[in-house]
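Have a look at the structure below before the remarks.
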Ligand SMILES: Nc1ncnc2c1ncn2[C@@H]1O[C@H](COP(=O)(O)OP(=O)(O)O)[C@@H](O)[C@H]1O
Ligand SMILES: Nc1ncnc2c1ncn2[C@@H]1O[C@H](COP(=O)(O)OP(=O)(O)O)[C@@H](O)[C@H]1O
Ligand SMILES: [Mg+2]
Ligand SMILES: [Mg+2]
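Chains as they are written, first to last, in the working numbering: chain B, 6 to 329; chain D, 199 to 533.
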């Protein structure tokens, strides 16, 4: 793929936990050796249970966290080793939309100021008039009334606040946006509005999305490819429709079979693969394949060797000793 | 099956600075013994307030039940004194909430929390209560229940805490279990486990369940009947197949069209309900869904739609069902 915009290689991000003067801190292995690429103008979905490291991947990729190890290339530039000017320029191309539209907006700033702040920081407008025009253009772009520029966040509904967050992210003309659970906090009917807006923006502005969500059916709908994470590792990546139709990793299978579907006759005859127990702690992940403690296909080797990522063709990757 | 719960024209108001919030607006429904009824709708539509009314847990002030009747086991709940209600709560009717961390007492271990309820409502000795607690923990699928009896809430995972809450709610063999968003905060894999527990309970104990959720997938797998609420109003009710496969209300259509479907092609798009969520300060004399409805007619602005009964138990509050209304087909992607 020469259309690659983001390339992540052997990325690790560990957080120290606890510790003290005479105590070595424990390490939370939030992201533990993952690699993936992203194609420009497309959406990569990232799914997995809470705590598996999705947010950490997103934040590290756009440079909010310094990786413990590994490499992140954005349009060929190493995000962490590039010179200062290049780094600033690259970072601007990468933005993030957050889950909580309430917490991520400053309640004392008007919507115009919230959206306009990045424009000032990066000197993207000459003079007051151009600044205001740009803010109004952005509000219009995300489906908000440009006349509401002087309103405060509390005057908007949850869905509208999420749009304000999107407009702010778009203010610096990014190419790549990490959408971290952007629809989890809004209602069903509003979720569809936001997702449609994101799709439209992607088409119009040729944006690349890393779309993190726990609603697997929405991820399927919006993503071209989907990566499944478990305990800091990617276990399977495939084209979205393929992944959902033919999952091969036992964890992907269990995860997808757990998703309830709003179709009573179908739901009544569905067989679930119920996972036993809980996700182990990322401080002391199980040896070998980290999923073996809950896996219904585990064989002796799974306890000993970490499975390598295997390429099954057409961009279908799976890390499993005994996949089906 | 006999009717366990009969709610008629229930009305609940909250007095706020902005005005009177009419959170529940003349809602009527029945629940049979052993039945699972789901209440669905977007946040703020009055699901929890409806459930709190049945338990008489509306905070007063600012809230007040201003009208209607709630018959539970043929007795008027709204006529009971607070001390009578205390004998019912946690006993004949019990409730589980979304957030297990705030509902469990952090300084008491699992054993104490469960046996306290038993000692309060049932005339049992401590050893009897202990034995029953272990029985309950295994009923909700907690492995090694004897060991887990000593655990404190913070030592348990979210899924395990949710199970403990369910065990507590079941301690006194309730006739009615109200589950208010029991799986909303959980991962899908844990949600699937909890759904299995709830299925098990209704099979083994024949407990009637009111399941409050905004997830239509959860409803499809668990409920016998569904009621859809919008802005404090009941807009449609029927069996789970009637409401999800052959819905009649434009709002229900909108909800289903907002969800990704399995058979969607690459070119198919979601169809959101346009406009903003409703304002509960709005007057009562019109259809609550009017501002967002593509099929709105003159009458919808003049009068509140009554319940039109379709086949069997399916009913819908929408003027499109009136004999004089134009025949409107359900959108093809729904049902
Ligand atoms: N800043 C941090 N410090 C310490 N631990 C963290 C930090 N951020 C995340 N973690 C831990 O890393 C793991 C992955 O977290 P996160 O990336 O937020 O997962 P997800 O987004 O998939 O829910 C979790 O165990 C979490 O507790
Ligand atoms: N304690 C309260 N004070 C004021 N308003 C309340 C209170 N509890 C609920 N409401 C209002 O009642 C409406 C219905 O709330 P609720 O039943 O909790 O909705 P949901 O369907 O999300 O469970 C909401 O609009 C809310 O603002
Ligand atoms: Mg996260
Ligand atoms: Mg509620």
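In this text, a Cβ means the ideal position worked out from N, Cα and C, and glycines have one as well.
Which residues in chain D sit within 9 Å of residue i, going by Cβ to Cβ distance?
{"i": "residue 2 (chain B)", "result": "A question about residue 2 (chain B) goes unanswered here, because the residues of chain B that appear run from 6 up to 329."}
{"i": "residue 33 (chain B)", "result": "Chain D residues near residue 33 (chain B): none, gap ~17 Å exceeds 9 Å."}
{"i": "residue 196 (chain B)", "result": "456, 457, 468 and 470"}
{"i": "residue 290 (chain B)", "result": "Those within 9 Å of residue 290 (chain B) in chain D number zero; the least Cβ separation is about 16 Å."}
{"i": "residue 386 (chain B)", "result": "Chain B is shown from 6 up to 329; residue 386 (chain B) falls before or after that span and cannot be answered."}
{"i": "residue 201 (chain B)", "result": "467, 468, 469 and 470"}
{"i": "residue 339 (chain B)", "result": "Absent from the structure is residue 339 (chain B), since the part of chain B shown begins at 6 and ends at 329."}
Residue i touches chain B at which residues, Cβ-Cβ below 9 Å?
{"i": "residue 397 (chain D)", "result": "Those within 9 Å of residue 397 (chain D) in chain B number zero; the least Cβ separation is about 11 Å."}
{"i": "residue 475 (chain D)", "result": "162, 163, 164, 192, 194 and 195"}
{"i": "residue 443 (chain D)", "result": "268, 269 and 270"}
{"i": "residue 412 (chain D)", "result": "192 and 193"}
Just to confirm the assignment, what range does the beta strand (DSSP E) spanning residue i have?
{"i": "residue 231 (chain B)", "result": "230-235"}
{"i": "residue 17 (chain B)", "result": "9-22"}
{"i": "residue 38 (chain B)", "result": "31-44"}
{"i": "residue 104 (chain B)", "result": "No beta strand (DSSP E) contains residue 104 (chain B), which DSSP labels as neither H nor E."}
{"i": "residue 288 (chain B)", "result": "It is not in any beta strand (DSSP E) - residue 288 (chain B) carries neither H nor E in the DSSP assignment."}
Relative to the C-alpha of residue i, which candidate in the options has its C-alpha closest?
{"i": "residue 95 (chain B)", "options": "B:263, B:197 and B:10", "result": "B:10"}
{"i": "residue 20 (chain B)", "options": "B:305, B:35 and B:81", "result": "B:35"}
{"i": "residue 334 (chain D)", "options": "D:370, D:452 and D:423", "result": "D:370"}
{"i": "residue 374 (chain D)", "options": "D:481, D:403 and D:213", "result": "D:403"}
{"i": "residue 283 (chain B)", "options": "B:112, B:236, B:306 and B:163", "result": "B:236"}
{"i": "residue 68 (chain B)", "options": "B:99, B:89, B:324 and B:55", "result": "B:99"}
{"i": "residue 152 (chain B)", "options": "B:117, B:238, B:104 and B:216", "result": "B:117"}
{"i": "residue 297 (chain D)", "options": "D:473, D:361 and D:256", "result": "D:361"}
{"i": "residue 440 (chain D)", "options": "B:254, B:18 and B:269", "result": "B:269"}
{"i": "residue 392 (chain D)", "options": "B:226, B:227, B:250 and B:281", "result": "B:281"}
{"i": "residue 336 (chain D)", "options": "D:213, D:398 and D:424", "result": "D:398"}
{"i": "residue 232 (chain D)", "options": "D:305, D:519, D:475 and D:423", "result": "D:423"}
{"i": "residue 18 (chain B)", "options": "B:127, B:276, B:63 and B:12", "result": "B:63"}
{"i": "residue 442 (chain D)", "options": "D:525, D:215, D:421 and D:432", "result": "D:421"}
{"i": "residue 75 (chain B)", "options": "B:37, B:58 and B:109", "result": "B:37"}
{"i": "residue 221 (chain D)", "options": "D:254, D:299, D:310 and D:262", "result": "D:262"}
{"i": "residue 237 (chain D)", "options": "D:215, D:455 and D:378", "result": "D:378"}
{"i": "residue 322 (chain B)", "options": "B:220, B:173, B:230 and B:115", "result": "B:230"}
Which residue marks the beginning of the alpha helix (DSSP H) containing residue i, and which one marks its end?
{"i": "residue 370 (chain D)", "result": "Premise fails: residue 370 (chain D) is in no alpha helix (DSSP H) and is neither H nor E."}
{"i": "residue 456 (chain D)", "result": "448-456"}
{"i": "residue 135 (chain B)", "result": "132-146"}
{"i": "residue 346 (chain D)", "result": "343-346"}
{"i": "residue 497 (chain D)", "result": "Looking at the DSSP string, residue 497 (chain D) is not in any alpha helix (DSSP H), and its letter there is neither H nor E."}
{"i": "residue 121 (chain B)", "result": "116-126"}
{"i": "residue 332 (chain D)", "result": "324-337"}
Given that residue i touches chain D, what residues does it touch there, using C-beta distances under 7 Å?
{"i": "residue 266 (chain B)", "result": "415, 418 and 460"}
{"i": "residue 277 (chain B)", "result": "390"}
{"i": "residue 150 (chain B)", "result": "Those do not exist, as residue 150 (chain B) stays about 12 Å from chain D at its closest Cβ, beyond 7 Å."}
So which residues on chain B does residue i lean against when the C-beta distance must stay under 8 Å?
{"i": "residue 355 (chain D)", "result": "283"}
{"i": "residue 452 (chain D)", "result": "194"}
{"i": "residue 447 (chain D)", "result": "By Cβ distance, chain B contributes nothing, its closest Cβ being about 13 Å from residue 447 (chain D), past 8 Å."}
{"i": "residue 438 (chain D)", "result": "269"}
{"i": "residue 394 (chain D)", "result": "277 and 279"}
Output, in chain order, the set of chain B residues within a Cβ distance shorter than 7 Å of residue i.
{"i": "residue 371 (chain D)", "result": "By Cβ distance, chain B contributes nothing, its closest Cβ being about 26 Å from residue 371 (chain D), past 7 Å."}
{"i": "residue 240 (chain D)", "result": "192, 193 and 194"}
Cβ closer than 8 Å: which chain D residues qualify as neighbours of residue i?
{"i": "residue 144 (chain B)", "result": "Near residue 144 (chain B) there are no residues of chain D at all, since even the closest Cβ is about 16 Å away, more than 8 Å."}
{"i": "residue 231 (chain B)", "result": "What residue 231 (chain B) touches in chain D: nothing, since even the nearest Cβ is about 13 Å away."}
{"i": "residue 226 (chain B)", "result": "458, 462 and 468"}
{"i": "residue 260 (chain B)", "result": "386 and 387"}
{"i": "residue 176 (chain B)", "result": "Those within 8 Å of residue 176 (chain B) in chain D number zero; the least Cβ separation is about 24 Å."}
{"i": "residue 108 (chain B)", "result": "Result: empty, since nearest Cβ-Cβ is about 17 Å, beyond 8 Å."}
{"i": "residue 250 (chain B)", "result": "Those within 8 Å of residue 250 (chain B) in chain D number zero; the least Cβ separation is about 10 Å."}
Could you tell me if the beta carbon of residue i falls within a distance shorter than 7 Å of some heavy atom in ligand 6?
{"i": "residue 413 (chain D)", "result": "The model on display carries ligand 1, ligand 2, ligand 3 and ligand 4 but not ligand 6."}
Give me the DSSP bridge partner(s) of residue i.
{"i": "residue 217 (chain B)", "result": "B:51 and B:185"}
{"i": "residue 513 (chain D)", "result": "D:435 and D:507"}
{"i": "residue 316 (chain B)", "result": "B:322"}
{"i": "residue 211 (chain D)", "result": "D:220 and D:262"}
{"i": "residue 25 (chain B)", "result": "B:28"}
{"i": "residue 92 (chain B)", "result": "Paired residues: none, contrary to the question."}
Quiz item: For the segment 384-436 of chain D, which segments carrying the beta strand (DSSP E) assignment without a break, of at least 3 residues, lie completely within its bounds, in sequence order?
Solution: 406-410 and 423-428, all fully within the segment 384-436 of chain D.
Exercise. Could you name each continuous beta strand (DSSP E) segment of 3 residues or more that falls completely within the segment 219-306 of chain D, going from the start of the chain to the end?
Key: Runs found: 234-238, 261-270 and 291-294.
Quiz item: Whole alpha helix (DSSP H) runs in the segment 224-274 of chain B with 4 or more residues, listed along the chain?
Solution: DSSP runs (the alpha helix (DSSP H)) wholly in the segment 224-274 of chain B: 245-250, 255-263 and 269-274.
Practice problem: List in chain order: all unbroken beta strand (DSSP E) runs of 3+ residues lying wholly within the segment 46-70 of chain B. | Solution: Listed in chain order, they are 48-52.
Exercise. Any chance you could list the alpha helix (DSSP H) runs of at least 4 consecutive residues sitting entirely within the segment 145-211 of chain B, in chain order?
Key: Qualifying alpha helix (DSSP H) stretches, in chain order: 163-175 and 193-210.
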